[in-house]
Amino acid sequence: MHHITCSWVKRVGTPWAPNSVTVKGFVQVDCSDKLDDANTQAHIQIYDGSWKDRGDPIVSHNTGPRIHVNDDTLKRPGTWKYRTKGTHFGQHGNIWTLPTYYSPVRTLTRHH
Numbered sequence: 006m007h008h009i010t011c012s013w014v015k016r017v018g019t020p021w022a023p024n025s026v027t028v029k030g031f032v033q034v035d036c037s038d039k040l041d042d043a044n045t046q047a048h049i050q051i052y053d054g055s056w057k058d059r060g061d062p063i064v065s066h067n068t069g070p071r072i073h074v075n076d077d078t079l080k081r082p083g084t085w086k087y088r089t090k091g092t093h094f095g096q097h098g099n100i101w102t103l104p105t106y107y108s109p110v111r112t113l114t115r116h117h
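The sequence shown: position 45 = 50 (our numbering), numbered continuously.
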């Protein structure tokens, strides 16, 4: 087993609105080689006094070396801050977990 390193691609996945009611975001992990096993999750969050998960997370078992996971959910009516949260654990011999990733924040509006 050769040593593989993985890390979050930084400053990516800022949520955006592909249409008037949807918010999309993504996370990316770069690894130095393909993994035996991986679990990478993207989950849109909304700020409502504190950060809360919105909708269901998307989980990818893609083993890389570049892992890209999209998530999308419905915007809440009104103007809110959103970000994309990422979690990743992988295995190649040993198992590791990356620290939780948070994308840059974007404020989006859904008109009633």
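Beta carbons are placed, not taken as given, at the ideal position from N, Cα and C, and that holds for glycine.
Three-state secondary structure assigned by DSSP to residue i
i, result
"residue 54", "coil"
"residue 60", "coil"
"residue 42", "strand"
"residue 22", "coil"
"residue 108", "coil"
Proximity winner among the options, relative to residue i (alpha-carbon distances)
i, options, result
"residue 65", "42, 81, 82", "42"
"residue 72", "8, 27, 79, 36", "36"
"residue 14", "108, 112, 115", "108"
"residue 67", "106, 30, 98, 93", "93"
"residue 105", "116, 78, 89", "89"
"residue 70", "22, 30, 85, 97", "97"
"residue 38", "76, 10, 83", "10"
"residue 82", "8, 12, 25", "25"
"residue 19", "55, 91, 57, 99", "91"
"residue 7", "23, 40, 16, 117", "40"
Strand pairing of residue i, partner residues [DSSP]
i, result
"residue 75", "31"
"residue 102", "94"
"residue 48", "90"
"residue 37", "DSSP lists no partner for residue 37."
Extent of the continuous beta strand (DSSP E) run through residue i
i, result
"residue 93", "83–97"
"residue 115", "111–115"
Supposed close pair residue i, residue j - CB separation, criterion 8 Å
i, j, result
"residue 28", "residue 45", "With a Cβ gap of about 19 Å, residue 28 and residue 45 do not count as contacting."
"residue 76", "residue 31", "7 Å"
"residue 85", "residue 51", "5 Å"
"residue 87", "residue 113", "6 Å"
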